[in-house]
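Take a look at the structure below.
Chains as they are written, first to last, in our numbering: chain R, 1 to 114; chain L, 1001 to 1116.
Take a look at the structure:
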């Protein structure tokens, strides 16, 4: 079955450590790609998105993600995390052949220790 | 109010009750969505409405009945639910259409539903 995989379910880091969260998908063709973040007690917010062009996209709060088409991956990175980055992160894929549908991964919980 | 609002924020209901969830978007979007978020599972898309017309029903049981009277409002009517339906129900909206850069979803805070 087609899917979006986030292999790390729970990540614990110390402040200033570097972060990389994996996202792989199995949908063919052209896709739109998103990372959303859900801070404790808050609603899902868009962190960054990729539609076309430069495969390295920059988002809010120092996050970036790289689209590697050959690997069907869209990994999220941040060079130095802060305690305030503690949240749950969701990768989402929107295949253009099925424009109405968004497929989400199961999420990665990030705990940053002060 | 700005963005996407949902009411109520919390709901506890028995299996024989009938209740409704409400979503309102203040962004001028033309597409609205219902998702189910359960612990340790991917968000599950339930329904999609474009221009008030339902365009997706992702094999959702008939005990969930959506209603979209206009592009700004979306309801989810609940009837004879099961305990496994307990979850966070999220509403989202987007500006559907080309170019694809418009297809970004904005989420509400969700309704935490508990079915006893």
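Glycine is no exception: its CB is placed at the ideal position from the N, C-alpha and C atoms.
When the alpha-carbon of residue 114 of chain R is set against those of R:102, R:55, R:97, R:86, the nearest one is in R:86.
Assignment of residue 71 of chain R by DSSP, reduced to helix, strand and coil, places it in the helix class.
Residues of the stretch 1047-1081 of chain L with a Cβ closer than 9 Å to any Cβ of chain R, in chain order: 1048, 1050, 1055, 1056, 1058. Restricting attention to L:1083, L:1104, L:1049, the CA atom closest to the CA of residue 1076 of chain L is found in L:1049. By the neighbour-count definition (other C-beta atoms within 10 Å, threshold 16), residue 1024 of chain L is a buried residue. The continuous beta strand (DSSP E) containing residue 1036 of chain L extends over residues 1031-1037. Here the alpha carbons of residue 1068 of chain L and residue 1078 of chain L stand approximately 15 Å from one another.
Residues 1046, 1047 of the same chain have their beta carbon placed closer than 8 Å to that of residue 1060 of chain L, with the five preceding and five following residues left out of the count. Listed along chain L is no residue with a C-beta nearer than 8 Å to that of residue 10 of chain R; the closest approach is about 10 Å. Annotation: the continuous beta strand (DSSP E) that includes residue 1044 of chain L extends over 1044-1050. Interface criterion met: the Cβ of residue 43 of chain R is under 7 Å from a Cβ in chain L.
Proximity of residue 1109 of chain L to chain R, defined by a Cβ-Cβ separation below 7 Å, is satisfied.
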